[in-house]
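Chains W and X supply the protein sequences, listed in that same order.
According to this note's numbering, the first sequence is numbered sequentially starting from 342.
According to this note's numbering, the second sequence is numbered sequentially starting from 8.
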Amino acid sequence: SSAVPQARKASLARFLEKRRERVMNS
Amino acid sequence: PNPADPSKSSSSAAATAATAQFFNQETLQKRLLALMEGAQESWTYAIFWQSSVADYGGPSQLGWGDGYYKGEENKVKRKTAASPAEQENRKKVLRELNSLISGPQSSADDAVDEEVTDTEWFFLISMAQSFVNGSGLPGQASYSSSPIWIAGADRLSVSHCERARQAQIFGIETMVCIPSSNGVVELGSTEVIFQSSDLMTKVRVLFNFNG
C-alpha cells in the first residue's frame, strides 16, 4: 500500500523536526 | 461487500471509510502523544504497528503506522553501542533523510550533525521494519491477542525475538507490545518498568477504534 511509505515520510519529518528542537534547546 | 445486497455494500464502505478516518496520521499522532504524556512511567518512544492484509489474500502483516519519539528523561549520558565509524554512518544516513524530507539545502543543518543516540537510531530503523504472520514481538502480540511485557535488559537479551534483542543493544530496558484494533502499540523505555494495568487500559481506550 502507498499509505505506508507516506506514513513513514510523515513520521520521519516529524522526528527530524522534534530532533532539531531538542538540539536547539540542549 | 456483497454485490447482491447494495445496502450491505454501502454500509461496509461507510465502515471502511470510518476506520480509515481513525487511522490517519493526525489522529494516530494525537493518540500516541496522549499515551506518552499521560503515562506515569518514563517511556522513550511509542509506535503504532498497523495491521494490513497482503494482496491476493495473503497473510496479514504489521507495518509502520506512526511513531512518537520522546527521548530519554535521564540526561546522564549512557554508553553508546556505536563505534566512531558507526556514528559517522548514522549522521550520513540522517543527512540523507533530512535532504529527502526538506531538500538538499537543509543538509547543512547543524542539528543533523549532532550525535545520533542509540535510541534515536533504533526508532529510525524501526520505520523500515514489518512483521509477517505472528513474527517478531509485535507480530506475536497481534497473533495471540495478548500483551507482551519484557522488563529488564537481561530478559530482552535472551528473547527469541530479534527486535527485542536489538532493542536491548540500543539501550532499551523495557519493551511492551499491546494488541489493539487493527494493530499493535509498542512502547520502549531506557528504564526498567514493570507491568501496569493502567497503561493497558489507556491503550485500550485510545486505540480501540471499533469502540
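Using N, Cα and C, we set each Cβ at its ideal position, and we do this for glycine too.
Please report whether the beta-carbon of residue i lies at a distance below 8 Å from any beta-carbon of chain W.
| i | result |
| --- | --- |
| residue 71 of chain X | yes |
| residue 76 of chain X | yes |
What's the gap between the Cα of residue i and the Cα of residue j?
| i | j | result |
| --- | --- | --- |
| residue 146 of chain X | residue 129 of chain X | 18 Å |
| residue 350 of chain W | residue 109 of chain X | 11 Å |
| residue 186 of chain X | residue 166 of chain X | 19 Å |
| residue 141 of chain X | residue 153 of chain X | 12 Å |
| residue 201 of chain X | residue 120 of chain X | 35 Å |
| residue 89 of chain X | residue 174 of chain X | 14 Å |
| residue 46 of chain X | residue 177 of chain X | 22 Å |
| residue 209 of chain X | residue 35 of chain X | 14 Å |
| residue 205 of chain X | residue 42 of chain X | 11 Å |
| residue 168 of chain X | residue 74 of chain X | 20 Å |
| residue 131 of chain X | residue 170 of chain X | 13 Å |
| residue 352 of chain W | residue 134 of chain X | 8 Å |
Give the residues of chain W in contact with residue i, contact being defined as C-beta atoms less than 8 Å apart.
| i | result |
| --- | --- |
| residue 134 of chain X | 349, 352, 353 |
Using three-state DSSP, classify residue i as helix, strand or coil.
| i | result |
| --- | --- |
| residue 364 of chain W | helix |
| residue 129 of chain X | helix |
| residue 55 of chain X | strand |
| residue 154 of chain X | coil |
| residue 187 of chain X | strand |
| residue 137 of chain X | coil |
| residue 142 of chain X | coil |
Since residue i meets chain W, which of its residues come closer than 7 Å, beta carbon to beta carbon?
| i | result |
| --- | --- |
| residue 121 of chain X | 364 |
Run down chain W in chain order and give the residues with a C-beta less than 9 Å from the C-beta of residue i.
| i | result |
| --- | --- |
| residue 118 of chain X | 357, 360, 361, 362, 363, 364, 365 |
Name the residues in the segment 92-114 of chain X whose C-beta lies less than 7 Å from a C-beta of chain W; which are they? 104, 105, 108
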